[in-house]
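Numbering (the working numbering), first residue to last: 67 to 192. Ideal Cβ placement from N, Cα and C applies to all residues, glycine included.
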Amino acid sequence: MNASVGQKSFVGGTMLLAVLGMVGGLLIILGIDQLDVGGDVAKYSIGTTVFLAGPLALAGLWASKRRPSLGAACQVGGAAIFGVCFSWTIVGPILALLVAVFGVRRARRLSKEQGLKARLEMGGHA
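1. Along the chain, where does the alpha helix (DSSP H) containing Ser111 start, and where does it finish?
2. How would you call Ala173, buried or exposed, if buried means at least 16 neighbouring beta carbons within 10 angstroms?
3. How far does the alpha helix (DSSP H) with Gly143 in it reach, from first residue to last?
4. Below 8 Å between beta carbons: does that hold for Gly87 and Gly120?
5. Assign Lys178 to one of two classes, buried (16 or more other C-beta atoms within 10 Å of its C-beta) or exposed (fewer than that).
6. With DSSP as the reference, label Gly169 as helix, strand or coil.
7. So, helix, strand or coil for Thr80, using DSSP?
8. Give me, in chain order, the residues of the same chain whose beta-carbon lies closer than 6 Å to that of Arg175; leave out the 5 immediate sequence neighbours on both sides.
9. What did DSSP end up calling Ile95 once you bin it into helix, strand or coil?
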């Protein structure tokens, strides 16, 4: 039961990261946040980067079922982008760190499960 609760909170944390990243990116692009980053080009590039960090983390969550290492890499990448872009807050880097750690832990668990399943299938056919 603990794994189920942990999985639900991990998925929820990743979805929260995605929503916050997309909303934050849109706010930066639209200029609602009053962020002075040195011009329009910098504002649009930072906003786009933050906007894409969330979907990258969600893509990693989706991909981790079939390719755990690829999924973990996407989750860590999205979390790192989010954490760096919102490093001036306290919640952003903490949330990013949690998503990255749980993404790697989930990938390791899924990889072990896939390896065990493959060994059982090979043993059953031999």
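In brief:
1. As a working note, residue 111 is residue 45 in the sequence shown. Unbroken alpha helix (DSSP H) run through Ser111: Asp106 to Ala129.
2. As a working note, residue 173 is residue 107 in the sequence shown. The residue is buried, with at least 16 neighbouring Cβ atoms inside 10 Å.
3. As a position in the sequence shown, residue 143 is number 77, starting the count at 1. From DSSP, the alpha helix (DSSP H) with Gly143 extends over Pro134 to Cys151.
4. Numbered from its first residue, the sequence shown carries residue 87 at position 21. Numbered from its first residue, the sequence shown carries residue 120 at position 54. Yes, Cβ-Cβ distance for Gly87 and Gly120 is below 8 Å.
5. As a working mapping, residue 178 is identified with position 112 in the sequence shown. Looking at its Cβ environment, which holds fewer than 16 other Cβ atoms inside 10 Å, Lys178 is exposed.
6. Within the sequence shown, the letter at position 103 stands for residue 169. Correct three-state label for Gly169: helix.
7. If you number the sequence shown from 1, residue 80 lands on position 14. Correct three-state label for Thr80: helix.
8. Within the sequence shown, residue 175 is the residue found at index 109, counting from 1. The answer is none, since no qualifying residue turns up.
9. Here residue 95 refers to the residue found at position 29 when the sequence shown is read from its first residue. Note: Ile95 maps to helix in three-state DSSP.
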